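Here is the structure we will look at.
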Amino acid sequence: MAAPCVSCGAAVFYRIFLGGRVSLARRQGVWKAAAAELQIGAGSQILRLRHTTGVTTKKNVAALRRETYTVEFIKKQIEEFNIGKRHLANMMGEDPETFTQEDIDRAIAYLFPSGLFEKQARPIMKHPEQIFPKQRAIQWGEDGRPFHFLFYTGKQSYYSLMHEAYGKLLDIEKRQNQLQAKGLFSENTKTKDLIGSRWLIKEELEEMLVEKLSDQDYAQFIRLLERLLTVQCGAEEEFVQQFRRSVTVQSKKQLIEPLQYDEQGMAFSTSEGRRKSAKAEAIVYEHGSGRIKVNGTDYLLYFPVTQDREQLMFPFHFLDRLGKHDVTCTVSGGGRSSQAGAIRLAMAKALCSFVTEEEVEWMRQAGLLTTDPRVKERKKPGQEGARRKFTWKKR
Amino acid sequence: MSPTSRPQGESAGPGAASRCPATARPAGTAAGRARHQLALSPGVWPRPLRPHVLQSATPGRARPRGRTLASAATPAVREPKGDNDLDDRILSEPLKHSDFFNVKELFSVRSLFDARVHLGHKAGCRHRFMEPYIFGSRLDQDIIDLEQTAAHLQLALNFTAHVAYRKGIILFVGRNRQFSHLIETTARDCGEYAHTRYFKGGLLTNAPLLLGPKVRLPDLIIFLHTLNNVFEPHVAVRDAAKMHIPTVGIVDTNCNPCLITYPVPGNDDSPPAVHLFCRLFQTTINRAKQKRRQMEALYRLQGQEGPGAHGQGPAALPSLGA
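Chains as they are written, first to last, in my numbering: chain A, 1 to 395; chain B, 396 to 717.
Below is the structure:
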């Protein structure tokens, strides 16, 4: 059902105030469900407690169907919304003419502060078009003739889309045949870069067409569009682009630290890294001989275990720059292994500034630039540890 | 040249139930007149022309009868009361001629032959009820009798034209994927409707639920392919018969022509044949609609000339083919 919509200005508070109901409940005591009945019969007063429930046992069949809103109802809601908007503007002391949706949201948040976590459960006041689901208007005119030529199929928008797409495919093939007949056909198989976009998902397509689709319908449609992509020569690109949505390319998001220069003119780059509860900061110099200093001491002395030193080596080993950089880092917190991991992450991030974008992408795919999200899981009551249960005793 | 089977009597033919033997009907009825007007060969009995039946029922009503399934009154056009006699004349005028829309000139046996309409399927696929329409069989392939096809096609086109003239809803149905796009384009170009996709079960019989509460059903269904993709009769044939919707259908040698009101024996698999039929139907419908517009303009003009002047109006037009 629709979220609590505060749409009427004059009656803004009637849904929120439970004044009348509260007083009634108080009079009848705590048990709202029970009603005391006075039975007068044969001279004596017998008090009988009769339990009445507000919910009937029969299912409300009409309410199970999707609720359809008539055009007049929606129009009335829009009028009420506009009047309510003006009342709200007056209440807040602002100009009703220039009261935007952000102002409405701020006003409602101010007037009805809610501590609910679910944002959609808080009081909202939006235009009815955004609240009530989009519906189909009546599909035929006064004489009963439907407007759309594919009305009798049941899924007119979807089938007309398929018809249109197939028509374009036929046009393209005809044009290519004509060009081939004339001998002017050039095999330009330029595959458009489709990495940054994805096909529409079924729900988005349903929303676009305002129609229910089946999985097979959707699959068929995507197959037709793919076929259009393979044969097309650039003419119908906008038609196909309508059905593609851009997807954020992960590799472009990597932040590359700017280079800094010290007194001798040597370039260096700084960055931070974390692992469990260890924090590290690394400074990587552009030219060096592979010396790593951790908290003032050499890494060989700070990390006696080979495994930790291998972790430190890994970014350089990956990029084939083992003896080419000098590193100075500080680390605190955590244990032996997590400090090593934190320094590794910090060094890899700092190395990004000295390295090409392709190699940055390789490092990202190798997992060198991702902070390890694993932390110690909390202990739960009733168990000995995070997962370990107490010893089970049969008796 | 000896054709395989050409029954002289009508009793063994398909749709015997809907036909009446010649001897039982007196010559003076509408059907007899129709038969005489169309000048058909003896072996073929024309179906009683629907417009005649309609005319006798309620003259002058433009609304389709009983197509809608609404429990309430049909959502009809509310014509102003003063134009009732005008509408009577507009609607009754075409019924006085046998070929008001001159559909005969749109095709000939030669053009049907050139479009390969006479080619049927192999003899093993032959449907028993199509035997009257088959001229013979050559190299195991059935050949459809184009004389009969021409006659049936003329009736079918005439009926389609009358339905379009009376602003009926025409639905094109076909289930061959090769021609789906063509059929839909044809329907869109003549302003009618098409359904060449998966046919949902209760589309005609349960229309208020599937399409809307007060939907108007088609007044005529034209089948470009009577069979569906698994070579079974299309569900719409049976459903249209249930819902009393007249049908026009191109029946191939493997189809069942029983439930179709105006069967047209012909090839439904070759591209030239299907293109020809689509063109024919499109031309007929456009012609009929244009004629309707002309008649309305004509009668409106005559109505505006003044009530005194319209005594000598179209009522004095001679009716052809008495």
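In this text, a Cβ means the ideal position worked out from N, Cα and C, and glycines have one as well.
These numbers were taken from a predicted model, which means no experiment stands behind them.
Cα-Cα, which of A:166, A:179, A:290 is closest to residue 580 of chain B?
As a first step, residue 580 of chain B is located in the second sequence; it is residue number 185 there, counting from the start. It is A:166 whose Cα lies nearest to the Cα of residue 580 of chain B.
Measure how close the beta-carbons of residue 525 of chain B and residue 650 of chain B come, nearest whole angstrom, since I'm counting them as under 8 Å.
One-based indexing of the second sequence puts residue 525 of chain B at position 130. One-based indexing of the second sequence puts residue 650 of chain B at position 255. Indeed, because the Cβ distance is near 7 Å, the residues count as touching under 8 Å.
I'd like to know if residue 133 of chain A contacts chain B, where contact means its C-beta is closer than 8 Å to some C-beta of that chain.
Here residue 133 of chain A refers to the residue found at position 133 when the first sequence is read from its first residue. So no, residue 133 of chain A is outside the interface.
How far does the alpha helix (DSSP H) with residue 603 of chain B in it reach, from first residue to last?
Counting from 1 along the second sequence, the entry for residue 603 of chain B is found at position 208. Residues 602-605.
Short CB-CB distance (under 8 Å) between residue 607 of chain B and chain D:
The displayed structure is made up of protein chains A and B, and chain D is not among them.
For residue 315 of chain A, three-class secondary structure by DSSP:
The residue labelled residue 315 of chain A in the question sits at position 315 within the first sequence. Helix at residue 315 of chain A.
Only counting runs of 4 or more residues, tell me where the alpha helix (DSSP H) segments fall wholly within the stretch 480-522 of chain B, in order along the chain.
Here the runs fully enclosed are 504-509.
Of all the alpha helix (DSSP H) runs that stay within the bounds of the stretch 274-307 of chain A, which reach a length of 4 or more residues?
299-302
Whole-number beta carbon distance between residue 312 of chain A and residue 343 of chain A, since they are thought to touch under 8 Å:
Position 343 of the first sequence holds residue 343 of chain A. Position 312 of the first sequence holds residue 312 of chain A. Indeed they touch by this definition, with Cβ atoms about 6 Å apart.
Taking DSSP as the reference, what is the three-state secondary structure of residue 631 of chain B?
Walking along the second sequence from the start, residue 631 of chain B turns up at place 236. Helix.
Would you kindly report the start and end of the unbroken beta strand (DSSP E) that includes residue 537 of chain B?
Along the second sequence, read from residue 1 onward, the residue named residue 537 of chain B stands at position 142. Per DSSP, residue 537 of chain B belongs to the beta strand (DSSP E) from 536-539.
If you run the structure through DSSP and keep just helix, strand and coil, what is residue 554 of chain B?
The sequence position of residue 554 of chain B within the second sequence is 159, counting from 1. Residue 554 of chain B: helix per DSSP, three-state reduction.
For residue 631 of chain B and residue 599 of chain B, believed in contact at Cβ under 8 Å, the rounded distance:
Here residue 599 of chain B corresponds to residue number 204 of the second sequence, with the count starting at 1. Here residue 631 of chain B corresponds to residue number 236 of the second sequence, with the count starting at 1. Contact flag correct, Cβ pair sits at about 7 Å.
Going by the CB atoms, is the gap between residue 172 of chain A and residue 237 of chain A shorter than 8 Å?
As a working note, residue 237 of chain A is residue 237 in the first sequence. As a working note, residue 172 of chain A is residue 172 in the first sequence. No, the Cβ-Cβ distance between residue 237 of chain A and residue 172 of chain A is not below 8 Å.
Chain A within 8 Å of residue 445 of chain B, Cβ atoms only:
Along the second sequence, read from residue 1 onward, the residue named residue 445 of chain B stands at position 50. Legend: pLDDT at residue 445 of chain B = 49, less than 50; position of this residue unreliable, value from coordinates given subsequently. So, not an interface residue.
Contacts that residue 220 of chain A makes with chain B (C-beta to C-beta distance below 9 Å)
Within the first sequence, numbered from 1, the residue matching residue 220 of chain A stands at position 220. Simply none; closest approach about 11 Å.
Out of A:352, A:300, A:370, point me to the one whose CA is closest to residue 341 of chain A's CA.
Indexing the first sequence from 1 puts residue 341 of chain A at position 341. Checking every option, the nearest Cα to that of residue 341 of chain A belongs to A:370.
In the DSSP output, which residue or residues are listed as bridge partners for residue 246 of chain A?
Residue numbering aside, residue 246 of chain A sits at position 246 when the first sequence is read from its first letter. In the DSSP output, where bridge partners are listed per residue, residue 246 of chain A has A:197.
Is the Cβ of residue 595 of chain B closer than 8 Å to any Cβ of chain A?
For this step, residue 595 of chain B is matched to residue 200 along the second sequence. Yes, because at least one Cβ of chain A sits closer than 8 Å to the Cβ of residue 595 of chain B.
Mind the definition here: the stretch 277-294 of chain A touches the stretch 345-353 of chain A only if three or more C-beta pairs lie below 8 Å; say whether that holds.
Touching, yes.
Of all Cβ atoms in chain B, is any one closer than 8 Å to the Cβ of residue 139 of chain A?
Position 139 of the first sequence holds residue 139 of chain A. Interface residue, yes.
Excluding five sequence neighbours on each side, which residues of the same chain lie with their C-beta closer than 7 Å to the C-beta of residue 69 of chain A?
For the purposes of this step, residue 69 of chain A is taken as residue 69 along the first sequence, with counting starting at 1. 132, 135, listed in sequence order.
Mapping DSSP to helix, strand and coil, what is residue 656 of chain B?
Here the question's residue 656 of chain B lines up with position 261 in the second sequence. If DSSP states are grouped into helix, strand and coil, residue 656 of chain B belongs with coil.
In whole angstroms, give me the CA-to-CA distance for residue 514 of chain B and residue 619 of chain B.
The residue you call residue 514 of chain B lines up with position 119 of the second sequence. The residue you call residue 619 of chain B lines up with position 224 of the second sequence. Their backbone Cα atoms lie some 15 Å apart in a straight line.
Against chain B, with Cβ distances strictly below 8 Å, would residue 175 of chain A count as a contact?
Against the first sequence, residue 175 of chain A aligns to sequence position 175. Answer no: the Cβ-Cβ gap between residue 175 of chain A and chain B never drops below 8 Å.
What residue range does the beta strand (DSSP E) around residue 533 of chain B cover?
Counting from one through the second sequence, the residue named residue 533 of chain B turns up at place 138. That run of the beta strand (DSSP E) goes 529-533.
Once the 5 residues before and after residue 408 of chain A are set aside, which same chain residues still bring their CB inside 7 Å of it?
Since the first residue shown for chain A is 1 and the last is 395, residue 408 of chain A is missing from the structure and cannot be characterised.
Does the beta-carbon distance from residue 502 of chain B to residue 541 of chain B come in below 8 Å?
Here residue 502 of chain B is taken as the residue at index 107 of the second sequence, counted from 1. Here residue 541 of chain B is taken as the residue at index 146 of the second sequence, counted from 1. Residue 502 of chain B is not a Cβ neighbour of residue 541 of chain B, given a cutoff of 8 Å.
Would you mind sorting residue 1 of chain A into buried or exposed? The rule is 16 or more other CB atoms within 10 Å of its CB.
Here the question's residue 1 of chain A lines up with position 1 in the first sequence. Any reading at residue 1 of chain A must be qualified, since the residue scores a pLDDT of 43, below 50, and its modelled position is unreliable; the value itself is stated next. Of the other Cβ atoms in all chains shown, fewer than 16 fall within 10 Å of the Cβ of residue 1 of chain A; this residue is therefore exposed.
Can you have a look at residue 634 of chain B and say buried or exposed, based on whether 16 or more other CB atoms are within 10 angstroms of its CB?
One-based indexing of the second sequence puts residue 634 of chain B at position 239. Looking at its Cβ environment, which holds 16 or more other Cβ atoms inside 10 Å, residue 634 of chain B is buried.
Meets three-Cβ-pair contact criterion under 8 Å: the stretch 591-598 of chain B and the stretch 542-549 of chain B:
no
For the candidate residues B:647, B:602, B:700, whose alpha-carbon lies nearest to that of residue 538 of chain B?
Taking the second sequence and counting its residues from 1, one reaches residue 538 of chain B at position 143. It is B:647 whose Cα lies nearest to the Cα of residue 538 of chain B.
Residues bridged to residue 238 of chain A (per DSSP):
In the first sequence, the residue the question calls residue 238 of chain A occupies position 238. DSSP output for residue 238 of chain A lists no bridge partner at all.
Check the Cβ-Cβ distances between residue 470 of chain A and every residue of chain B, and say whether any is below 8 Å.
An answer regarding residue 470 of chain A cannot be provided, because it is not within the stretch 1 to 395 covered by chain A.
Between which two residues does the alpha helix (DSSP H) holding residue 159 of chain A run?
Reading the first sequence from its first residue, position 159 is the one you call residue 159 of chain A. Counting along the chain, the alpha helix (DSSP H) containing residue 159 of chain A begins and ends at 156-182.
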